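Peer 1:
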Amino acid sequence: MRPLRFALAQGLLLNEALAALRAIGVDVSGVTPGGRRLVVDGGDIELVLARPSDIATYVERGAADLAIVGKDVLLESGARVMELVDLGFGACRFVVAAPPGALERSLDEYRHLGTLEVATKYPNVAERHFRARDIAVEIVKVAGSAEVAPLVGLADWIVDLVATGNTLRANGLAVVEEIASSTARLVANPAAYHLRRREIAPVVERLAAWAAAR
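Each position in the sequence shown, counted from 1, maps to that position plus 6 in the working numbering.
1) Tell me which residues share the same chain as GLU184 and place their Cβ nearer than 6 angstroms to its Cβ, disregarding the 5 neighbours each side in the sequence.
2) Does the Cβ of GLU144 have 16 or more other Cβ atoms within 10 Å, making it buried, or fewer, making it exposed?
3) Sorted by chain position, which residues of the same chain lie with C-beta nearer than 6 angstroms to LEU72's C-beta, five sequence neighbours on each side aside?
4) Grab the span of the beta strand (DSSP E) containing VAL11 for me, first residue to last.
5) Do you know how far the Cα of VAL79 is from the Cα of PRO129?
6) For PHE136, collect the residues of the same chain with a Cβ closer than 6 angstroms to its Cβ; drop the 5 residues on either side in sequence, then sort them by chain order.
7) Leaving out five residues before and five after SER59 in sequence, what residues of the same chain have Cβ atoms less than 8 angstroms from its Cβ?
8) Using CA atoms only, rank isn't needed, just tell me which of ALA26, ALA161 and VAL75 is closest to GLN16.
9) In this structure, how does DSSP classify LYS147 when only helix, strand and coil are distinguished?
10) Using 8 angstroms for Cβ pairs, my map puts ASP92 next to ARG220. What's the rounded Cβ distance?
11) Going along the chain, which unbroken runs of the beta strand (DSSP E) with 3 or more residues stay wholly within the region 49 to 100?
12) Where does VAL32 fall in DSSP's three states?
13) So what does ILE164 bridge to, in DSSP terms?
14) Using the beta-carbon count (16 or more within 10 Å), is VAL45 buried or exposed?
15) So, is THR126 buried or exposed, given that buried needs 16 or more other C-beta atoms within 10 angstroms?
16) From ALA207, ASN172 and ILE141, pick the residue whose C-alpha is nearest to that of TRP163; which is it?
17) Going by DSSP, what residue range makes up the beta strand (DSSP E) through ILE185?
18) Using 10 angstroms around the beta-carbon of LYS147, count the other beta-carbons present and answer buried if the total reaches 16, otherwise exposed.
19) Using alpha carbons as the reference points, say which of PHE95, VAL34, ALA25 and TYR64 lies closest to ALA198.
20) If we ignore side chains and look at the alpha-carbon of each, how far apart do ALA97 and MET7 end up?
21) In chain order, what residues of the same chain lie with their CB nearer than 8 angstroms to the CB of SER151, ignoring the 5 residues before and after it?
22) On the premise that ALA161 lies in contact with VAL124, defined as a C-beta separation below 8 angstroms, what is that separation, rounded to the nearest angstrom?
23) In three-state terms, what does DSSP make of LEU192?
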């Protein structure tokens, strides 16, 4: 049987994820943030580095048994994975933002004003949110900074993931409302969790204790 495979998101969460694993005794010495090695032998645990947006897919399809990934990725992907521990780091939030003039109306008023254009890198999160609010929107998917969209007439509002809100304010945008908050989560493939529970359970327990002690 192959080693337990643990996927880690490259980028903002990686350093703290490595610190968490190191604290519970996992050998992460072979991982270099920004390095080229994407599969690293960690002894009993094999570490796999991937883009944050791909992590949930790796776990859902059984290519990885466990992962540390942002709740934002889970909300956008809708992946069928087991969410085991809120690790507490990497805090950010999904928000609706718009130029200040848009805040003169309540969201309820927008139900009667036709279709709003909303730019976002997170179309699934945005669409679910506005459908629940019964507000008609056209989602404009962008790959880069959504903040520019209202400034150049591409969209009326944006849905984005923010940590401090500084970029929004620097571009003259204000938060209309918060959709959801996000932190790093420990997740598992459901089949792997049941078939390899003897191996997985100690990892879950140690990471839960680490998170509780922070």
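Ideal Cβ placement from N, Cα and C applies to all residues, glycine included.
Keep in mind that this is a model prediction, so the values were computed, not measured.
Peer 2: Quick look at the numbers:
1) ARG99 and VAL101
2) exposed
3) PHE12 and ALA194
4) The amino acid at residue 11 is misidentified as Val; the sequence shows Arg. From DSSP, the beta strand (DSSP E) with ARG11 extends over 10 to 15.
5) 12 angstroms
6) VAL143
7) VAL79, GLU82 and SER83
8) VAL75
9) strand
10) Their Cβ separation, rounded to whole angstroms, is 11 angstroms, which puts ASP92 and ARG220 out of contact at 8 angstroms.
11) 51 to 56, 72 to 76 and 88 to 92
12) coil
13) ALA103 and ALA125
14) exposed
15) buried
16) ILE141
17) 180 to 188
18) exposed
19) TYR64
20) 36 angstroms
21) THR173
22) 6 angstroms
23) strand
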